Amino acid sequence: MKFGFLPIYLRDMRRFFRFKHQLLSSFLQPILWLAFFGMAMAGNFDRILSSNSVIPGVLEVSYLTFMCAGIIGATILFTNMYGGFSLMFDKNWGILREIMASPLPRRDLIIGIASAAITKSWIQSAIILIFGIILGVTFFIGMSPLRTFISVIGFFLFVAAFATAFLCISLTLALRMDSPEGFQGISTLLTMPLFFLSNSLYPLEGLPPLMGTIALVNPLTHLITGIRYCTIGEHFSSIGMEVIYSSTEVLFSFLYLVIFSIVMFVITLKTVEKVEVS
Amino acid sequence: MPQDKSVILKVEHLSHSYGEVHAVRDISFSVKKGDIFSFLGPNGAGKSTAINVLITLLPLQKGEVVVAGYNLRTEREQVRRSIGIVFQEITLDRDMTVSETLEFHGDIYGLDRNLCRTRTQELLELVKLEDKVSAYIKELSGGMKRRLEIARGLMTRPKLLFLDEPTIGLDPQTRRKTWEYLKSVNAEGTSIFLTTHYMDEADELSDQIAIIDNGKIITSGTPDSLKNSLGEDIIYIETSDNLAAEKILLTIPGVKKVQSSESRIVLLSGTDGTHLLPRIIETLTGHEISVQAVNLKKPNMDDVFIHYTGRELRE
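Protein sequences appear in the order of chains A and B. End of the first sequence sits at 278 in this note's numbering; the numbers just go up one at a time, nothing left out. End of the second sequence sits at 593 in this note's numbering; the numbers just go up one at a time, nothing left out.
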């Protein structure tokens with residue numbers, strides 16, 4: 001069975017579109033963040049910083065543009081960190097027993113859920129991206145149509161690697177924990193520091209040294225680096241700070257995420273092979 | 279293990295423990311092709327553990343098992359492909375429709391899409407859910423869910439269908455209906471292994487019953503042979519002196535076994551109890567023991583269980 005994961009994928013996607021409230025809120029939440037927090041912060045930064053903060057010769061982007069990449073990253077983090085929740089329900093009250101007693105390889109179960117998670121993350125990030133541009137985010141400025149196309153592909157690759165990794169973390173949690181409360185508690189505990197110890201809302205340069213170092217190993221930082229590189233460019237400035245990404249740096253970030261996601265995938269596979277649902 | 283073509287399930291010396299708790303202790307039995315075989319026993323007897331080992335949800339710790347010709351230890355995937363399962367708890371996704379549920383099952387077993395569709399239709403007719411094709415699971419009643427699960431278990435045309443407490447929590451009428459479906463499924467050639475703690479269910483459905491308690495098979499046989507092993511009739515007597523009466527009763531020809539307690543005597547008769555009873559009363563009266571109450575009945579599975587385990591089967 002080459003496409004053994006397909007039934008799992010299709011079921012997950014069907015559920016994604018079936019629950020209208022959940023679907024709507026998963027799109028609306030990041031948009032509201034961007035609209036309210038983003039607009040408010042951008043307005044304040046513009047007042048605090050005088051106009052001479054602009055660095056001559058360097059592409060200047062608004063704070064809204066800067067943080068839009070961060071909001072996309074954070075949204076992908078939150079969505080996937082809670083993505084294992086439905087598996088927990090399947091395990092405790094649902095059809096995981098049916099799946100585990102079937103000849104479907106465990107690998108296909110994880111691949112199915114992960115590919116659905118990637119698809120959902122792509123849809124979500126595309127919606128934030130489009131809405132951001134409507135709000136005034138200046139992505140893909142000065143890029144040729146071909147460069148924009150390549151950038152979008154790169155953007156999606158970054159999102160896919162990151163989504164897989166965090167979905168797998170979430171699945172492992174869901175398989176090991178018995179109560180939804182415990183699962184939610186741990187997920188929240190993990191997401192909060194990951195969100196703030198990253199470059200999502202501010203450049204790393206402004207962070208205290210220890211926080212800055214931690215942020216460098218944070219996968220979210222690498223995702224957002226990738227998103228900014230793809231959507232804004234390798235050299236720009238925002239809120240008075242200059243940002244330069246070398247292509248080696250971006251490639252490193254991508255490999256970092258890919259390796260991280262492979263490790264998480266293997267751990268999840270081992271967990272699912274050991275789990276007893278009886 | 280030599281393979282016998284007329285045997286669909288062969289279990290030898292199966293044991294399973296959770297740490298220090300020995301849930302299943304060295305059980306051996308076999309199920310003939312085309313039979314309905316029941317594990318009858320109280321909750322916590324080890325029935326579910328045994329069935330979960332047989333359906334590959336739990337690892338095979340100790341023993342040798344051949345399911346539908348495949349070795350449970352080394353050919354787990356083939357075993358999975360050859361069996362159908364109806365779990366004890368409802369194992370359905372509330373937010374899927376009836377047809378989606380069956381098609382999903384066909385998909386994860388790698389069934390061809392068209393075949394999937396024809397079988398969905400056939401099976402829904404079999405379990406009388408054909409008008410619920412597009413209904414969501416959450417809209418179904420408990421009995422309908424069970425029937426759907428039976429249909430699902432049959433999607434892959436399994437040689438052997440496992441059911442763990444198939445009618446638990448269903449009302450009497452729905453239980454009867456479910457039995458009818460199971461019988462018709464069996465009549466079409468599917469062998470069935472089920473666990474139950476309902477005497478009447480085991481009695482009604484089974485070709486063979488194994489009574490299981492504390493992880494061990496206490497006795498097994500056809501429902502009739504189990505009941506007949508208790509004698510023709512069971513007679514309950516209350517007398518003025520039960521202990522004295524017990525000794526006298528044992529001397530009467532036709533009396534197979536006597537158990538007495540403070541309150542009553544239980545007597546198993548080897549011959550027709552209706553003819554034995556007058557002689558009993560006569561003999562006891564002759565020994566100046568007065569008989570205060572009598573009751574006579576044919577043994578049922580409850581009596582079989584009490585007889586072999588020494589206690590009543592609790593809910």
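For every residue, glycine included, the Cβ atom is placed at its ideal position computed from N, Cα and C. Keep in mind the model is a prediction, meaning the values are calculated, not measured.
Item                                                                                                                                                                                         : Value
When the cut-off is 8 Å and only beta carbons count, does I110 (chain A) lie next to chain B?                                                                                                : no
Does any C-beta atom of chain A lie closer than 8 Å to the C-beta of I512 (chain B)?                                                                                                         : no
Does the beta carbon of E387 (chain B) sit closer than 8 Å to a beta carbon anywhere in chain A?                                                                                             : A quick correction: the sequence has Tyr, not Glu, at residue 387 (chain B). True, the Cβ-Cβ gap to chain A drops below 8 Å.
Can you pull the chain A residues whose beta carbon is under 7 Å from the beta carbon of F382 (chain B), in chain order?                                                                     : P7 and R11
Give the interface partners of E273 (chain A) over in chain B, defined as CB-CB distance under 8 Å, in chain order.                                                                          : Per Cβ cutoff of 8 Å: no residues; E273 (chain A) is ~11 Å from chain B at best.
In chain B, which residues lie with their C-beta within 7 Å of the C-beta of A101 (chain A)?                                                                                                 : I333, T334, L335, R358 and I363
Along the chain, where does the beta strand (DSSP E) that runs through T473 (chain B) open and close?                                                                                        : S469 to T474
Within 8 Å (strictly less), CB to CB, does T474 (chain B) reach chain A?                                                                                                                     : no
Using only the alpha-carbon positions, how far apart do K288 (chain B) and G388 (chain B) sit?                                                                                               : 27 Å
When the Cα atoms are used, what is the spatial distance from F317 (chain B) to K534 (chain B)?                                                                                              : 27 Å
Helix, strand or coil for H235 (chain A) per DSSP?                                                                                                                                           : strand
Alpha carbon to alpha carbon, how far is M1 (chain A) from G73 (chain A)?                                                                                                                    : Its pLDDT being 46, under 50, M1 (chain A) is placed unreliably in this model, and the value from its coordinates should be taken loosely. Cα to Cα, the separation comes out at about 34 Å.
Does T369 (chain B) come within less than 8 Å of chain A when only Cβ atoms are used?                                                                                                        : yes
Considering only DSSP beta bridges, list what D442 (chain B) is partnered with.                                                                                                              : B:T473
Is the number of C-beta pairs between the segment 395-402 of chain B and the segment 424-435 of chain B that are closer than 8 Å three or more?                                              : yes
List the residues that DSSP assigns as beta-bridge partners of T375 (chain B).                                                                                                               : B:Y414
Kindly say whether L269 (chain A), judged by its beta-carbon, lies nearer than 8 Å to any beta-carbon of chain B.                                                                            : no
By the three-class DSSP mapping on this structure, what secondary structure does A571 (chain B) have?                                                                                        : strand
Leaving aside the five residues before and after G70 (chain A) along the sequence, list all residues of the same chain whose C-beta is less than 6 Å from its C-beta, in chain order.        : S200, L201 and I224
Distance cutoff 8 Å, beta carbons only. Does L104 (chain A) sit that close to anything in chain B?                                                                                           : yes
How far does the beta strand (DSSP E) with A301 (chain B) in it reach, from first residue to last?                                                                                           : V299 to K310
Does any CB atom of chain C fall closer than 8 Å to the CB of V277 (chain A)?                                                                                                                : In summary, chain C is missing from the structure at hand, where the protein chains are A and B.
Within its chain, find whatever has a CB closer than 8 Å to the CB of R424 (chain B); leave out the 5 residues flanking it on each side and keep chain order.                                : V364, I368, P444, T445, L448, T452 and T456
Can you tell which of A:V58, A:L32, A:F3 and A:A35 has its C-alpha closest to the C-alpha of I239 (chain A)?                                                                                 : A:V58
List the residues of chain A that D373 (chain B) touches, going by C-beta distances under 7 Å, in chain order.                                                                               : R15 and R18
Run through DSSP, which three-state label would E242 (chain A) get?                                                                                                                          : strand
Whole angstroms are fine: how far does the CA of G226 (chain A) sit from the CA of I169 (chain A)?                                                                                           : 21 Å
Quick check: the segment 298-313 of chain B against the segment 133-142 of chain A, are there 3 or more CB pairs under 8 Å?                                                                  : no
Counting only the same chain and skipping the five closest in sequence on each side, list residues whose C-beta sits under 7 Å from that of F162 (chain A).                                  : I76, P219, L223 and L257
For E566 (chain B), does the count of other Cβ atoms within 10 angstroms reach 16, so buried, or fall short, so exposed?                                                                     : exposed
Is the segment 180-191 of chain A in contact with the segment 75-90 of chain A, if contact means three or more CB pairs nearer than 8 Å?                                                     : yes
Which same chain residues end up closer than 7 Å to G4 (chain A) when comparing Cβ atoms and leaving out the 5 residues on each side of it in sequence?                                      : L104, P105 and D108
Might you give, ordered along the chain, the residues of its own chain that have their beta carbon closer than 6 Å to the beta carbon of H383 (chain B), omitting 5 neighbours on each side? : R430 and M433
When burial is assigned at 16 or more other CB atoms within 10 Å of the CB, is Y9 (chain A) buried or exposed?                                                                               : buried
Apart from the five residues on each side of it in sequence, which residues of its chain come closer than 7 Å, Cβ to Cβ, to M264 (chain A)?                                                  : A165, C168 and I169
Determine the chain B residues that contact I95 (chain A) at a beta-carbon separation under 7 Å, and present them in chain order.                                                            : T369, L370 and D371
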